[in-house]
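Residue numbers (the numbering used here): 27 to 418.
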């Protein structure tokens with residue numbers, strides 16, 4: 027019986043210990059990185075907004091992009107109206123954007139919209155790079171500058187900070203802002219310090235035309251951004267992180283829409299975990315590539331809610347088995363819990379959610395259980411489904 031209990035504890039503890047050690051290391055390296063020297067402001071950009079039935083918000087993002095601090099003759103705003111049945115295209119044109127309209131009932135999704143935009147940009151042969159921004163986002167004035175100064179130093183792919191524009195809409199958005207700060211800021215700062223890849227996060231990323239020629243875009247999964255970031259890593263390119271600039275998007279605060287959004291995101295991520303982890307590890311070990319190995323580790327470390335659930339189960343099991351195996355496992359579980367709490371608190375510190383966000387962390391156990399039940403139900407949509415906006 028003693029052997030069985032010990033074996034069970036090992037099975038529970040290994041993923042918890044490895045995940046928490048990894049997160050602790052990134053947390054300790056999450057100080058702000060130095061900002062590169064200013065660019066020469068010579069690069070030309072196509073700022074691309076993929077949109078599916080976004081008539082309510084498209085004018086706002088076009089206005090935000092047109093207001094960036096960059097020479098007006100060195101950037102264009104391009105909206106891809108993908109399978110739209112509303113006035114997205116007309117409103118985008120009226121706001122001053124160039125518009126590509128795409129209709130294809132078979133090949134639907136953000137990945138196909140981006141492929142069309144990237145192809146058009148390269149064929150036009152005017153821009154040096156493309157940048158992708160979500161239709162519901164708002165960018166900082168230094169959005170292009172933060173990307174350009176890194177590209178002039180030799181980077182081919184850059185991700186700015188992807189934040190939340192409506193942090194205080196509800197307890198749910200505050201928890202998401204803390205999770206995003208931990209996932210995007212804490213980990214990405216550490217990876218930038220180590221010259222690893224922060225990956226692509228779907229909103230606020232940019233790649234050069236040279237890179238698109240070397241590694242053509244062909245990512246069409248539910249998490250097309252993560253997929254292309256992995257493809258870049260396998261081909262020897264990292265994604266640099268620029269956290270002095272941001273592209274903040276709106277998160278849904280209601281349970282129904284949040285449920286759909288979460289199923290799409292995590293369903294897509296788990297599919298990539300299954301298909302990409304081993305190839306990344308194989309390439310990383312064969313080439314001795316820290317970028318590929320870290321991308322594989324990033325996939326293997328589950329979202330914070332699942333890591334927290336793993337640690338909670340380990341704590342309960344350690345206390346329950348203390349009479350037969352001793353208190354050593356309690357110390358192991360407590361160490362995991364401490365590392366995880368430190369990582370989450372660092373995310374809270376950087377999230378801007380304030381005291382209310384700290385108090386809302388008390389809702390985290392219920393949120394974790396909600397997510398577990400949600401993913402067990404399945405039912406992930408494989409199409410590009412427009413998320414209902416708060417103002418809709």
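C-beta: ideal position from N, C-alpha, C; glycine also.
Residue i, DSSP secondary structure in three states
{"i": "residue 200", "result": "helix"}
{"i": "residue 418", "result": "Only weak support exists for where residue 418 lies, its pLDDT of 45 falling under 50; the coordinates are left without a value."}
{"i": "residue 166", "result": "coil"}
{"i": "residue 50", "result": "helix"}
{"i": "residue 242", "result": "coil"}
{"i": "residue 76", "result": "strand"}
{"i": "residue 502", "result": "The first residue shown for the chain is 27 and the last is 418, placing residue 502 beyond what the model contains."}
{"i": "residue 135", "result": "coil"}
Residue i versus residue j - alpha carbon distance
{"i": "residue 294", "j": "residue 208", "result": "20 Å"}
{"i": "residue 316", "j": "residue 325", "result": "14 Å"}
{"i": "residue 418", "j": "residue 389", "result": "In this prediction, residue 418 has a pLDDT of 45, which is less than 50 and means its spatial position is unreliable; what the coordinates show is noted afterwards. Approximately 27 Å between the Cα atoms of the pair."}
{"i": "residue 373", "j": "residue 56", "result": "10 Å"}
{"i": "residue 322", "j": "residue 313", "result": "14 Å"}
{"i": "residue 255", "j": "residue 218", "result": "15 Å"}
{"i": "residue 229", "j": "residue 276", "result": "11 Å"}
{"i": "residue 383", "j": "residue 200", "result": "6 Å"}
{"i": "residue 261", "j": "residue 343", "result": "43 Å"}
{"i": "residue 233", "j": "residue 220", "result": "20 Å"}
{"i": "residue 49", "j": "residue 197", "result": "24 Å"}
{"i": "residue 224", "j": "residue 129", "result": "33 Å"}
{"i": "residue 45", "j": "residue 180", "result": "32 Å"}
Distance between beta carbons of residue j and residue i, contact taken as under 8 Å
{"i": "residue 244", "j": "residue 375", "result": "Actually they do not touch by this definition, with Cβ atoms about 39 Å apart."}
{"i": "residue 308", "j": "residue 31", "result": "The Cβ separation is near 35 Å, so there is no contact."}
{"i": "residue 80", "j": "residue 161", "result": "4 Å"}
{"i": "residue 103", "j": "residue 83", "result": "In fact, because the Cβ distance is near 14 Å, the residues do not count as touching under 8 Å."}
{"i": "residue 337", "j": "residue 363", "result": "5 Å"}
Range of the contiguous alpha helix (DSSP H) that encloses residue i
{"i": "residue 116", "result": "114-121"}
{"i": "residue 56", "result": "Careful: residue 56 lies outside any alpha helix (DSSP H) and carries neither H nor E."}
{"i": "residue 362", "result": "354-377"}
{"i": "residue 217", "result": "213-219"}
{"i": "residue 326", "result": "316-326"}
Span of the beta strand (DSSP E) around residue i
{"i": "residue 187", "result": "183-187"}
Per DSSP, cross-strand counterpart(s) of residue i
{"i": "residue 272", "result": "187"}
{"i": "residue 101", "result": "71"}
{"i": "residue 108", "result": "128"}
{"i": "residue 394", "result": "Paired residues: none, contrary to the question."}
{"i": "residue 232", "result": "157, 184"}
{"i": "residue 266", "result": "184"}
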